[in-house]
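Enquirer: Before I ask anything, let me first share the structure, which is written out below as C-alpha cells.
Numbering (our numbering), first residue to last: 545 to 1121.
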C-alpha cells in the first residue's frame, strides 16, 4: 500500500498524493532528532553532561553535519567562541548547505567585533540555501547591522524576526535597543514592559549588575537611558543565544540560567472564556434567557441585533453562496484559542490530534514547536477541542447574519463555535504555489452522507472562522460558487439519494465549474458558506501555520422547499433547480 502511494517515486525526496495534491513526506531523520533532543537537555542538565550527550550523537552519526552543528550552537550559548567556530566550520565541511552553521558563524563574527565579515558570512549562507532566508537569520543579521549603525536595516530584520517567531527573546531585546537608539521611546517602553513579564530573571540580573532599579513604586518609570543600558547588558548576558525555543544566558558570575519560553499561558488568561462558558451552561440548564448583568449573553435562538441585515448581504449569499463578516470574532478570543491549541499540540498530541499514532516516528509531534517549521511533521491535521461557546456570544454579528440567512434563530438546532481547529502547516511539497485545480478529488462537501436527499437535508451553513491572518497562498480554503447550483440540481434529479461522500462525484461536479474563490482574511473574519458549496483545502508554502475553526450550523427541521416564505438559503436552492 505504501509503495502504491509512492507511485514511481524512488528519489530521496519522497512524495505521495494527499487529497489530490503531491505532498512531500516530512521525514524525521535520526541525526536531527537525536542531536536536537541532546541539545535541549540544557533545560535540566549541566553543560558538561549536554556536551557529552552531543559528543555521543556526533560519534554515532559521523557523516551528518547536524549533531556537530548543534554542538557548535551549544558552545556559542556557553561563550566558547573558538570551540563553536570549530564545530560550525566542521559542519559546513560535512555539508555546505547546513543553514544554522552559517547563522551561528554570523553571530560569532559579530560577537568578535567583525560585523562586516558577519554580514558577508550571512550572505554566503543564504546563497548556498538557494537564496532562502531561515527564521533565525533575521535576528543575527540585525545584530551585525546595528553594530554598523545601520538601524533602518536592523529594524526591518528585527521586526521580521519577531513576526515569524514571537518567542525569539533575543530579537525582542535587540528591538528595544534599536527603537531607543532611533528615538522611538514609546514603542520601546511598551515592548520593555512586556519583557519584564516574559523574562524578569534576565532583566533583573542585567539591572542588578548595573545598579538599576526596575521594580519600585507603581508611578516610577525606567528612563530611556537606563532602559538602553539594561537591554545592552541583557544582550551581553545572552551572548550568542537568539533561540526561540531554548533561551539561556550567563550571569557575570558565570552561572548558566534558562529563560522560560515567552508567550506561555499566564494565570487568569482564560478567565473570560471560562466564566462565559459557565454562565452559558447555567442559563441553559436553568432555562433562564437573558439574566441581568452589565453584558448579557444573547439568547441563542435570537439574532444578537435588531437591525435588519442589508439586502446586499442577502443577495450576495443567494447569488454567490457565501458572505464574509469581517472582524466578527473577538481578536482576544482568537489569540487565546490559538495559544491554547499550540499548547495542546505540544503537550499531548495523542489526546488532541485526530488519527495520531504515538508509535509513528515520521509523524511524531514530540518536538513540536510553533516557531520551528522543522518540527511540523504534518501538513494538515484536525485538532480536537473541549471548549464550546454559542456563536451568538463569540461572534454576535455573524450569528445575526446566520439567523437572517436561515430564516430566524428558531430554525437553528446547533449554533456553536468550539476550539476544534483545522490546522494547515507549511507545505514543503508546494514551493511553487498553485490553487487547487477544479475537477481534482480534493473538492468536497462537509459531513456528507451516502444517500443525500433534498427532503431530509438539515445542514444549514458551513462556517469558516479565521484565527490567524490569512493572506493569499497561505493555506486558505477555496470554494467553487457555481457548485451550489450543480449540487442542488444533482439532488433534485435523484430524489432517492446521491452519494456525496464520493470524491469522484464531487470532482466531476467541480470539473463543470469555471471559477474558484480563495477565502483570505484577517484574524476574526468569519465566512458563512452555503452547505451545497464544494470546497477544497490548499497548500501552504507561506512558512506560517494557518489556524481555523470550521463548524457547521445545523437546522432543527429539514429544508422546506415548498413553503410560502422560504429563507434565503431555501431561495438559493429553489433558484438553482
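Every residue, glycine too, gets a C-beta built ideally from N, C-alpha and C. Quantities reported herein were computed from a predicted structural model and do not represent experimental measurements.
Which one or two residues does DSSP pair with residue 785 in a beta bridge?
Expert: Taking the chain shown and counting its residues from 1, the one referred to as residue 785 is at position 241. Answer by DSSP bridge pairing: none, since residue 785 is not bridged.
Enquirer: Could you have a look at residue 792 and say whether DSSP puts it in helix, strand or coil?
Expert: Start at 1 with the first residue of the chain shown, and residue 792 comes out as number 248. Residue 792 falls in the strand class under three-state DSSP.
Enquirer: What's the C-alpha gap between residue 1109 and residue 952?
Expert: The residue you call residue 1109 lines up with position 565 of the chain shown. The residue you call residue 952 lines up with position 408 of the chain shown. Residue 1109 and residue 952: Cα-Cα distance of roughly 12 angstroms.
Enquirer: Let me know the secondary structure DSSP gives residue 682 once reduced to three states.
Expert: Position 138 of the chain shown holds residue 682. Note: residue 682 maps to helix in three-state DSSP.
Enquirer: Determine the direct distance from the alpha carbon of residue 1057 to that of residue 1030, and round the result to whole angstroms.
Expert: To locate residue 1030, count along the chain shown from 1; it is residue 486. To locate residue 1057, count along the chain shown from 1; it is residue 513. Straight-line Cα distance between these residues: approximately 9 angstroms.
Enquirer: Which same chain residues, not among the five before or five after residue 625, have their C-beta less than 7 angstroms away from its C-beta?
Expert: Position 81 of the chain shown holds residue 625. The answer, listed in chain order, is 652, 655, 656.
Enquirer: If we count the other Cβ atoms within 10 Å of its Cβ and call it buried at 16 or more, is residue 671 buried or exposed?
Expert: Here residue 671 refers to the residue found at position 127 when the chain shown is read from its first residue. Exposed, by the Cβ-count rule.
Enquirer: Can you give me the C-alpha to C-alpha distance between residue 646 and residue 668, rounded to a whole angstrom?
Expert: By one-based count along the chain shown, residue 646 stands at place 102. By one-based count along the chain shown, residue 668 stands at place 124. Cα-Cα distance, rounded: 8 angstroms.
Enquirer: Please report the residue range of the beta strand (DSSP E) in which residue 1099 lies.
Expert: The residue you call residue 1099 lines up with position 555 of the chain shown. Per DSSP, residue 1099 belongs to the beta strand (DSSP E) from 1096–1099.
Enquirer: Quick check on this structure: which residue in 621, 863, 991, 932 has the alpha carbon closest to the alpha carbon of residue 1118?
Expert: As a first step, residue 1118 is located in the chain shown; it is residue number 574 there, counting from the start. Measuring from the Cα of residue 1118, the nearest candidate turns out to be 863.
Enquirer: Can residue 648 and residue 632 be called in contact, C-beta distance under 8 angstroms?
Expert: By one-based count along the chain shown, residue 648 stands at place 104. By one-based count along the chain shown, residue 632 stands at place 88. Going by C-beta atoms, residue 648 is nearer than 8 angstroms to residue 632.
Enquirer: With distance defined between alpha-carbon atoms, name the residue in 1077, 873, 1061, 926 nearest to residue 1013.
Expert: Walking along the chain shown from the start, residue 1013 turns up at place 469. Nearest C-alpha to residue 1013: 873.
Enquirer: Identify every run of the alpha helix (DSSP H) within the region 598–681, keeping only runs that are complete inside it and at least 4 residues long; order them along the chain.
Expert: Listed in chain order, they are 609–621, 625–638, 643–655, 659–672.
Enquirer: Measure the Cβ-Cβ separation of residue 1092 and residue 1009 and say whether it is below 8 angstroms.
Expert: Taking the first residue of the chain shown as position 1, residue 1092 is located at position 548. Taking the first residue of the chain shown as position 1, residue 1009 is located at position 465. It is a contact, given that the beta carbons lie within the stated cut-off.
Enquirer: Expressed to the nearest angstrom, what Euclidean distance is found between the alpha-carbon atoms of residue 939 and residue 829?
Expert: Here residue 939 corresponds to residue number 395 of the chain shown, with the count starting at 1. Here residue 829 corresponds to residue number 285 of the chain shown, with the count starting at 1. Approximately 22 angstroms between the Cα atoms of the pair.
Enquirer: Do residue 960 and residue 869 have their C-beta atoms within less than 8 angstroms of each other?
Expert: Taking the chain shown and counting its residues from 1, one reaches residue 960 at position 416. Taking the chain shown and counting its residues from 1, one reaches residue 869 at position 325. The answer is no: Cβ separation not under 8 angstroms.
Enquirer: Which partner residues does residue 567 have in the DSSP bridge list?
Expert: On the chain shown, position 23 is the one that residue 567 refers to. According to DSSP, which records beta bridges pairwise, residue 567 is partnered with 560.
Enquirer: Beta-carbon separation of residue 739 and residue 766 under 8 angstroms?
Expert: The residue labelled residue 739 in the question sits at position 195 within the chain shown. The residue labelled residue 766 in the question sits at position 222 within the chain shown. No.
Enquirer: Are the beta-carbon atoms belonging to residue 1112 and residue 861 less than 8 angstroms from one another?
Expert: Mapped onto the chain shown, residue 1112 falls at position 568. Mapped onto the chain shown, residue 861 falls at position 317. Yes, the pair counts as a contact, with Cβ atoms nearer than the cut-off.
Enquirer: Would residue 927 and residue 888 qualify as a contact pair, given that the criterion is a beta-carbon distance under 8 angstroms?
Expert: Numbered from its first residue, the chain shown carries residue 927 at position 383. Numbered from its first residue, the chain shown carries residue 888 at position 344. Yes. Within cutoff.
Enquirer: Can you give the Cα-Cα distance for residue 1062 and residue 658, rounded to whole angstroms?
Expert: For the purposes of this step, residue 1062 is taken as residue 518 along the chain shown, with counting starting at 1. For the purposes of this step, residue 658 is taken as residue 114 along the chain shown, with counting starting at 1. Spanning the two alpha carbons is a distance of roughly 47 angstroms.
Enquirer: By the three-class DSSP mapping on this structure, what secondary structure does residue 1106 have?
Expert: Numbered from 1 along the chain shown, position 562 holds the residue referred to as residue 1106. Three-state result, residue 1106: coil.
Enquirer: Let's see if you can read the secondary structure: which residues bound the alpha helix (DSSP H) around residue 931?
Expert: Along the chain shown, one-based indexing puts residue 931 at 387. From DSSP, residue 931 is part of no alpha helix (DSSP H); its letter is neither H nor E.
Enquirer: Pick helix, strand or coil for residue 749, following the three-state DSSP scheme.
Expert: The count along the chain shown starts at 1 and reaches residue 749 at position 205. Three-state result, residue 749: helix.
Enquirer: For residue 641, count neighbouring C-beta atoms within 10 Å of its own C-beta (all shown protein chains included) and say buried if the count is 16 or more, exposed if not.
Expert: Reading the chain shown from its first residue, position 97 is the one you call residue 641. Classification of residue 641: exposed, given that the 10 Å Cβ count is below 16.
Enquirer: When the Cα atoms are used, what is the spatial distance from residue 720 to residue 886?
Expert: Position 176 of the chain shown, counted from the first residue, corresponds to residue 720. Position 342 of the chain shown, counted from the first residue, corresponds to residue 886. If I take the Cα positions, the gap works out to 27 angstroms.
Enquirer: Is it buried or exposed for residue 714, if we count other Cβ within 10 angstroms and need 16 for buried?
Expert: Here residue 714 is taken as the residue at index 170 of the chain shown, counted from 1. Counting Cβ neighbours within 10 Å, residue 714 comes out buried, since at least 16 surround it.
Enquirer: Could you tell me the alpha carbon to alpha carbon distance between residue 729 and residue 576, rounded to whole angstroms?
Expert: Looking up residue 729 in the chain shown gives position 185. Looking up residue 576 in the chain shown gives position 32. Computed Cα separation, rounded: 42 angstroms.
Enquirer: Just tell me which of 680, 986, 615, 550 has its CA closest to the CA of residue 1122.
Expert: Look at the range of the chain in this structure, 545 to 1121, and you will see that residue 1122 is not part of it.
Enquirer: Quick check on residue 946: does DSSP put it in helix, strand or coil?
Expert: On the chain shown, position 402 is the one that residue 946 refers to. Residue 946 falls in the helix class under three-state DSSP.
Enquirer: Tell me whether the beta-carbon of residue 1004 lies closer than 8 angstroms to the beta-carbon of residue 950.
Expert: Taking the chain shown and counting its residues from 1, the one referred to as residue 1004 is at position 460. Taking the chain shown and counting its residues from 1, the one referred to as residue 950 is at position 406. Yes, the Cβ-Cβ distance between residue 1004 and residue 950 is below 8 angstroms.
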